[in-house]
Amino acid sequence: MVRMQLSGGYNLNLAGKPSLDITTALDLPSLISVKASDLQGIKPMMKVKEGDSVKAGDVLFINKLNDKVKIVAPFDGTIKEIKRGNRRVLLEVIIDVSGKQSVSQFKSRSIDEISENDLINHLLDTGSWAFIRQYPYNVIADPELRPRDIYIETLTNEPHVPDMNFVIKDQQEAFEKGVQLLKKITPGNIFMGLANTEVEIPEWLRSLKDTTPVYTNNIYPAGEAAVQSYNIAPMKKDEVIWHINAQDLIAIANLFDSGKLDYSRVMTVSGSCVNKAKYIKTYIGSPVKTFLKDGVSSGENRCISGGIFTGLKIEQDGYMGFYGHSLHVIQEGVEREFLPFQRPGFEKASFSRVFLSTFFGPESFVQTSSQMGEERACIACSHCEDVCPVDIKPQFLFKTILAEDYSMAEKLGVKDCSLCGLCTYVCPSKIDLDEIISSAQQFLHKEG
Ligand code: SF4
Ligand code: SF4
Numbered sequence: 199m200v201r202m203q204l205s206g207g208y209n210l211n212l213a214g215k216p217s218l219d220i221t222t223a224l225d226l227p228s229l230i231s232v233k234a235s236d237l238q239g240i241k242p243m244m245k246v247k248e249g250d251s252v253k254a255g256d257v258l259f260i261n262k263l264n265d266k267v268k269i270v271a272p273f274d275g276t277i278k279e280i281k282r283g284n285r286r287v288l289l290e291v292i293i294d295v296s297g298k299q300s301v302s303q304f305k306s307r308s309i310d311e312i313s314e315n316d317l318i319n320h321l322l323d324t325g326s327w328a329f330i331r332q333y334p335y336n337v338i339a340d341p342e343l344r345p346r347d348i349y350i351e352t353l354t355n356e357p358h359v360p361d362m363n364f365v366i367k368d369q370q371e372a373f374e375k376g377v378q379l380l381k382k383i384t385p386g387n388i389f390m391g392l393a394n395t396e397v398e399i400p401e402w403l404r405s406l407k408d409t410t411p412v413y414t415n416n417i418y419p420a421g422e423a424a425v426q427s428y429n430i431a432p433m434k435k436d437e438v439i440w441h442i443n444a445q446d447l448i449a450i451a452n453l454f455d456s457g458k459l460d461y462s463r464v465m466t467v468s469g470s471c472v473n474k475a476k477y478i479k480t481y482i483g484s485p486v487k488t489f490l491k492d493g494v495s496s497g498e499n500r501c502i503s504g505g506i507f508t509g510l511k512i513e514q515d516g517y518m519g520f521y522g523h524s525l526h527v528i529q530e531g532v533e534r535e536f537l538p539f540q541r542p543g544f545e546k547a548s549f550s551r552v553f554l555s556t557f558f559g560p561e562s563f564v565q566t567s568s569q570m571g572e573e574r575a576c577i578a579c580s581h582c583e584d585v586c587p588v589d590i591k592p593q594f595l596f597k598t599i600l601a602e603d604y605s606m607a608e609k610l611g612v613k614d615c616s617l618c619g620l621c622t623y624v625c626p627s628k629i630d631l632d633e634i635i636s637s638a639q640q641f642l643h644k645e646g
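Positions 199 to 646 (my numbering) are the ones given, in order, by the sequence shown.
Quick look at the structure:
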């Protein structure tokens, strides 16, 4: 057991919190997207073309850099569209699954008897490998490496993302099988972040065999693997750690039992612009509109797949991301405030405590996408440094990156950054700090 007291971090109390019950199970939609743009660290090479029929488990594309890493069709269907962006970069593959559940083409495997090599190959062949990611750089894990430790994401405290204490509380058996799988891959520790959230930590998680619980404070981003690793066992040069979301691990354990790919997940739809914020059971890559059946506010809204700090903007006629288990709908901040500097700010969230909301604020805040102004020069306020959970000084780091001094950027901790997004959120000069750091991480990963 390890205790971790996070310094930095920030809890934003956002309006539009999902109610804690799972009464809605969505049908399999007619269209499903596999978002290649979410899969960091790979270079896709297509294995299908528009109009092709696919079975669940057929390869859609492979990683050109290591062709063992495959991304597969989650269901039977027909390739409806292959979307590409600038320079023909693959964005997503949309499959017409016609609302039909897949028939599995994989065999069930016994977890007890499988060897390490067989296990790795089975994860690669079934496309399940993409759920395992690696730090530094938060890319899909490299199957040629072995991690020093593996972190299971059992604590998710970005606002309104599914609360794992709630979601996995009745999934002990599958979770335990997942841990036994991971145990075959690493001789190191299997860490799990634990904290009481709105829901208490399930009792069975506290005493799970072959795992090391990391008891921490429930402050964002204490649940992130990179943050836990930095605080309890920093990575040495050439070491890597892997991490996996608790629901993805359960789905992999179920695949070994049944031979059937399981792309169903419990997700949330939340934010001040949805009529009913709630938990739903649905599928990875589902259309956004299937989440919005209870209606959204009139006016211009912004949809975000993933957390409010780390997620990506998506269109209402688009699809959920590969890793995004929550959809936020917030007001698009197109209206300029009249004399904002003369307002006391009772209703605005404030990290720097400049608004009166710090003392007399509401229980939760309505967040819009407005940045309240353009990017300005850094004013050396240090808010980004205060909030950073891994002791980076983002105000210096971003300048070295813009000057392309990558060796100095490494000394300033660019590899430790978990891309939690908090520095960007609190920066009064609207500098897109995490975006700048992310571009440096991508560059360094490519350079090897
Ligand atoms: S530098 Fe910014 S994005 Fe990176 S961990 Fe620190 S606060 Fe989060
Ligand atoms: S929060 Fe923004 S303005 Fe303040 S020191 Fe950091 S980069 Fe500069």
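Note that CB positions come from ideal geometry on N, CA and C, so glycine has one too.
Identified DSSP bridge partners for residue i
i           : result
residue 328 : Answer is none; residue 328 lacks a bridge partner.
residue 443 : 351
residue 338 : 331
residue 275 : 252
residue 234 : Per DSSP, none; premise fails for residue 234.
residue 399 : In DSSP, residue 399 forms no bridge with anything.
residue 229 : 294
residue 477 : 466
residue 202 : 414
residue 223 : 479
residue 260 : 243, 268
residue 288 : 282
Residue i versus residue j: straight-line alpha-carbon distance, rounded
i           : j           : result
residue 294 : residue 230 : 7 Å
residue 544 : residue 506 : The predicted position of residue 544 is uncertain, since its pLDDT is 49 and thus under 50; no value can be drawn from it.
residue 650 : residue 490 : As displayed, the chain neither begins before 199 nor continues past 646, which places residue 650 out of reach and without an answer.
residue 346 : residue 384 : 7 Å
residue 459 : residue 626 : 45 Å
residue 452 : residue 220 : 20 Å
residue 339 : residue 592 : 26 Å
residue 536 : residue 528 : Residue placement at residue 536 is poorly supported in this model, since its pLDDT is 47, which falls under 50; the coordinates still yield a value, given next. Residue 536 and residue 528: Cα-Cα distance of roughly 21 Å.
residue 542 : residue 463 : Only weak support is given to the placement of residue 542: the predicted model assigns it a pLDDT of 49, under 50, and the question is left unresolved by the model.
residue 309 : residue 378 : 7 Å
residue 480 : residue 488 : 9 Å
residue 321 : residue 413 : 30 Å
residue 640 : residue 631 : 14 Å
residue 454 : residue 305 : 8 Å
residue 607 : residue 349 : 26 Å
residue 263 : residue 241 : 6 Å
residue 628 : residue 597 : 14 Å
residue 475 : residue 501 : 13 Å
residue 557 : residue 210 : Bear in mind that the predicted position of residue 557 carries a pLDDT of just 49, short of 50, making it unreliable; the figure below should be weighed with that in mind. If you take the alpha carbons of residue 557 and residue 210, they lie about 15 Å apart.
residue 526 : residue 450 : 27 Å
residue 408 : residue 642 : 34 Å
residue 370 : residue 622 : 37 Å
residue 492 : residue 477 : 13 Å
residue 576 : residue 508 : 22 Å
residue 233 : residue 330 : 16 Å
Distance CB(residue i)-CB(residue j) smaller than 8 Å
i           : j           : result
residue 586 : residue 206 : yes
residue 595 : residue 357 : no
residue 249 : residue 276 : yes
residue 366 : residue 420 : no
residue 610 : residue 590 : yes
residue 267 : residue 256 : no
residue 431 : residue 333 : no
residue 247 : residue 273 : no
residue 426 : residue 202 : yes
residue 582 : residue 624 : yes
residue 433 : residue 439 : yes
residue 394 : residue 416 : yes
residue 520 : residue 225 : no
residue 352 : residue 392 : yes
residue 280 : residue 287 : no
residue 503 : residue 466 : no
residue 361 : residue 397 : yes
residue 239 : residue 337 : yes
Residue i in three-state terms, based on DSSP
i           : result
residue 390 : strand
residue 436 : coil
residue 411 : strand
residue 306 : coil
residue 405 : coil
residue 539 : In this predicted model, residue 539 has a pLDDT of only 44, less than 50, meaning its place in the structure is not dependable enough to derive any value.
residue 318 : helix
residue 344 : coil
residue 511 : strand
residue 487 : helix
residue 427 : helix
residue 380 : helix
residue 281 : strand
At what residue ranges does the segment 586–637 contain a whole run of the alpha helix (DSSP H), taking only runs of 4 or more?
-> Complete alpha helix (DSSP H) runs here, min 4: 592–600, 604–609, 620–624.
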